[in-house]
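These protein sequence lines map, in sequence, to chains A and B. So the first sequence is residues 1 to 236, counted in the working numbering. So the second sequence is residues 1 to 218, counted in the working numbering. C-beta: ideal position from N, C-alpha, C; glycine also. Everything below concerns the one structure shown next.
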Amino acid sequence: MHNILKPNKILTLIDKYIFYLGLLNVILWALGLYFSFFGSPSDYIQGEAVRIMYVHVPASWMALMVYGMMAFMGCISLVWRTPLSELIGIAAAPIGLTFTLISLITGSLWGKPMWGAWWVWDARLTSMLILFFLYLGYIALISAFRNKERGLKIAAVLAVMGALDLPIIKWSVTWWHTLHQPPSIMKFSAPSIHPTILWPLGVMMSAFFCYFLLVLALRLRTEIKKRKQWIKGQIE
Amino acid sequence: MTINVRHFRISHQTIGSSASFFLISLSCLGYFLQNHPEILKQVGPVFIWMMTIFSALLSTASFIGEEFKEGVVEQELLGGLSMGGWIFKKVMMQFLDYGWILLLIVYGVSYVFSLEEKTTSKLLFTLLVGFPALSLGCIFAGLLTLDADNQGLLLGIIMLPLCLPLLLFAFGVIENPQCFSMQNGPFLLFMGGVCIMISLFFFGAMCALKYALEETNA
């Protein structure tokens with residue numbers, strides 16, 4: 001694992017591909033925004049409000065995916081003690097927190113016209129709020145110790161434990177009676193969304209994912225450069 | 001593995017405040033909603049669960065911290081007790097010192113809240129089964145934040161998200177009109193959730209204890 005997660009190798013990779021990643025971001029965002037606003041129909045019940053979905057759904061998926069990745073990196077850093085996996089966790093956490101916040105805010109904006117309330121203590125919404133606090137806890141833990149190395153280890157443990165919330169979020173709409181709609185894409189049968197809406201959603205999802213990769217790469221580069229001495233000590 | 005007077009002396013310092021907080025908060029809810037018995041019946045079980053989590057949170061920092069300060073943990077581990085054994089003992093101590101008092105209070109309060117017998121039994125069952133998971137969660141969070149700056153705030157941020165799923169599962173059981181059976185979905189979810197949480201928190205607490213000891217020795 002130490003051979004795969006080599007900081008220098010990752011730095012070279014980032015420097016080599018960061019421009020193309022940026023370019024891909026511009027293209028995907030332009031396409032995604034065009035299709036979301038002009039290239040897809042409005043809903044026959046929800047009207048134009050349905051367009052919030054093109055931000056809300058990708059942000060929610062990314063929030064879950066980023067936490068899943070952090071938990072995976074936490075596992076790696078606990079087992080193999082690779083410094084890079086810890087740095088990936090540090091770099092990804094604020095991005096995941098932002099995605100969760102976007103998901104909660106856009107969900108709230110969507111909830112008001114559809115349900116008549118900004119917020120309900122629904123299982124899906126509550127479990128998403130829990131994820132938001134998990135991100136906050138992770139970030140707070142890293143900086144809570146004078147010994148920074150200990151903060152990183154401890155935060156990795158929390159990331160692994162917090163992964164318990166991910167299946168709860170995913171299946172909350174199936175397990176409990178909720179106002180939130182049941183899954184319409186990630187389910188065993190075929191997606192129940194019309195292709196004219198599904199495709200723009202897919203493009204926006206790709207745009208969000210590329211944006212995450214770009215910001216993660218930039219943040220990771222900064223973290224590696226900032227902690228060069230520490231990484232050296234860890235590898236030796 | 002023995003639980004002696006010394007352990008109780010340490011935990012007594014923290015348990016009193018938690019139990020008082022629990023009792024006072026429940027009395028306040030009962031007092032303010034005395035003219036709305038239907039609302040009290042509806043929100044009572046969830047409020048009791050919430051307060052259980054909060055009161056556990058209140059005692060966590062000193063419950064764990066005091067033993068580390070006095071060097072009790074190192075002595076015990078040097079005396080041949082395993083880390084898993086130490087964690088198990090802490091859960092036992094918390095139940096013996098606080099858990100059963102909490103259940104008694106809940107039993108008494110359920111009469112004041114006019115909860116149905118079925119609801120009370122479900123509530124007591126979820127508290128009894130969920131207590132080890134909650135206790136392990138407290139130990140895990142307490143060990144994780146040992147010596148951290150702003151420990152109280154951190155404990156809240158960590159403990160609440162980790163323990164709220166337990167509340168959600170327990171509420172599913174209490175809300176369900178069916179009794180406990182293997183065909184009852186919420187019941188199975190609760191039991192499964194508790195089992196997963198116990199094993200995860202136990203693993204997490206072991207890791208956190210290892211790191212806390214490494215830090216103390218350094």
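Closest residue to residue i among the options (Cα-Cα distance)
i, options, result
"T60 of chain B", "B:V43, B:F47 and B:A19", "B:A19"
"A140 of chain A", "A:P94, A:T174 and A:T100", "A:P94"
"K210 of chain B", "B:G130, B:G185, B:I87 and B:G99", "B:I87"
"L124 of chain B", "B:V106, B:F54, B:I158 and B:G16", "B:V106"
"W109 of chain A", "A:Q46, A:K153 and A:V157", "Per the sequence shown, the amino acid found at residue 109 of chain A is Leu instead of Trp. The option with the nearest alpha carbon to L109 of chain A is A:Q46."
"T120 of chain B", "B:C28, B:G44 and B:F140", "B:G44"
"L201 of chain A", "A:S40, A:N25, A:W80 and A:I10", "A:S40"
"S135 of chain B", "B:L78, B:Q94, B:E74 and B:L33", "B:Q94"
"I158 of chain B", "B:F54, B:P132, B:L26 and B:F47", "B:F54"
"R227 of chain A", "A:I197, A:E149, A:L164 and A:I193", "A:E149"
"P177 of chain B", "B:L33, B:V129, B:K122 and B:G79", "B:K122"
"Y17 of chain A", "A:R221, A:W230 and A:I193", "A:R221"
"F22 of chain B", "B:V46, B:F171 and B:M51", "B:M51"
"Q151 of chain B", "B:E175, B:V129 and B:S62", "B:S62"
"I10 of chain A", "A:P182, A:L84, A:A144 and A:V26", "A:L84"
"K253 of chain B", "B:T216, B:I174, B:Q34 and B:C195", "The structure shown has nothing for residue 253 of chain B, since chain B only spans 1 to 218."
"G130 of chain B", "B:F32, B:T216 and B:W49", "B:W49"
Partners in chain B for residue i, counting only beta-carbon separations shorter than 8 Å
i, result
"D43 of chain A", "What D43 of chain A touches in chain B: nothing, since even the nearest Cβ is about 30 Å away."
"G137 of chain A", "L154, I157, I158 and P161"
"G162 of chain A", "P161 and L162"
"L141 of chain A", "L144, T145, A148, L154 and I158"
Within chain A, partners of residue i - CB distance below 9 Å
i, result
"E215 of chain B", "F145, N147 and R150"
Any non-hydrogen atom of the ligand NAP within 7 Å of residue i CB
i, result
"S17 of chain B", "In the structure on display, the ligand NAP does not appear, and there are no ligands present to speak of."
7 Å Cβ cut-off: residues of chain B touching residue i
i, result
"K153 of chain A", "Y211"
"W176 of chain A", "G172"
"T82 of chain A", "Neighbours of T82 of chain A on chain B: none; closest Cβ ~16 Å, over 7 Å."
"F133 of chain A", "I157, L160 and P161"
"V120 of chain A", "The contacting residues do not exist; V120 of chain A stays about 14 Å from chain B at best."
"L158 of chain A", "L144 and I158"
"A123 of chain A", "L168"
Pairwise C-alpha distance: residue j and residue i
i, j, result
"I98 of chain A", "H36 of chain B", "Note on residue identity: the sequence assigns Thr, not Ile, to residue 98 of chain A. Straight-line Cα distance between these residues: approximately 41 Å."
"G30 of chain B", "I39 of chain B", "10 Å"
"E223 of chain A", "L87 of chain A", "7 Å"
"L136 of chain A", "G204 of chain B", "18 Å"
"S199 of chain B", "I76 of chain A", "19 Å"
"H177 of chain A", "A123 of chain A", "8 Å"
"Y54 of chain A", "L58 of chain B", "42 Å"
"F187 of chain B", "T126 of chain B", "9 Å"
"K90 of chain B", "Y44 of chain A", "58 Å"
"Y138 of chain A", "M161 of chain A", "11 Å"
"S42 of chain A", "R51 of chain A", "7 Å"
"A59 of chain A", "G96 of chain A", "9 Å"
"E48 of chain A", "M205 of chain A", "19 Å"
"I154 of chain A", "Y98 of chain B", "28 Å"
"W118 of chain A", "L154 of chain B", "28 Å"
"I64 of chain B", "E70 of chain B", "11 Å"
"L24 of chain A", "L198 of chain A", "21 Å"
"N8 of chain A", "T82 of chain A", "13 Å"
"D149 of chain B", "I193 of chain A", "48 Å"
"L13 of chain A", "W80 of chain A", "22 Å"
"L189 of chain B", "F140 of chain B", "23 Å"
"G241 of chain B", "E74 of chain B", "There is no way to answer for residue 241 of chain B, as the model of chain B reaches only from 1 to 218."
Residue i: contacting residues in chain A (beta-carbon distance under 8 Å)
i, result
"P165 of chain B", "S127, I130, L164, D165 and I168"
Cβ shell of residue i (< 6 Å), same chain only, five flanking positions each side left out
i, result
"G193 of chain B", "F169"
"A212 of chain B", "L143 and L146"
"H180 of chain A", "D122, R124 and V173"
"G137 of chain B", "L162, C163 and F201"
"V109 of chain B", "L26"
"F47 of chain B", "L29"
Same chain, Cβ closer than 8 Å to residue i, neighbours up to 5 away in sequence not counted
i, result
"S114 of chain B", "P37, L40 and K41"
"L21 of chain A", "C210, L213, L214 and A217"
"L64 of chain A", "L131, L166, I169 and K170"
"L152 of chain A", "S77, E86, G89, I90 and I142"
"L160 of chain B", "I53 and L57"
"V157 of chain A", "G74 and L78"
"S17 of chain B", "L58 and S59"
Close Cβ partners of residue i (< 7 Å) along its chain, the five nearest in sequence each way excluded
i, result
"I101 of chain B", "A19"
"W29 of chain A", "A207"
"V112 of chain B", "G30"
"L31 of chain A", "V203"
"A159 of chain A", "M70, A71, G74, G89 and Y138"
"V66 of chain A", "A92, I95, G96, F99 and F212"
Discussion item. Against chain B, which members of the region 86-110 of chain A pass a CB distance test of less than 9 Å?
Written reply: none
Worksheet item: According to a CB-to-CB cut-off of less than 9 Å, which residues of the region 182-210 of chain B neighbour chain A?
Response: G185, P186, L189, G193, I196, M197, L200, F201, F203, G204, C207 and A208
Discussion item. Which residues of the region 70-81 of chain A have a Cβ closer than 8 Å to any Cβ of chain B? Give them in chain order.
Written reply: L78
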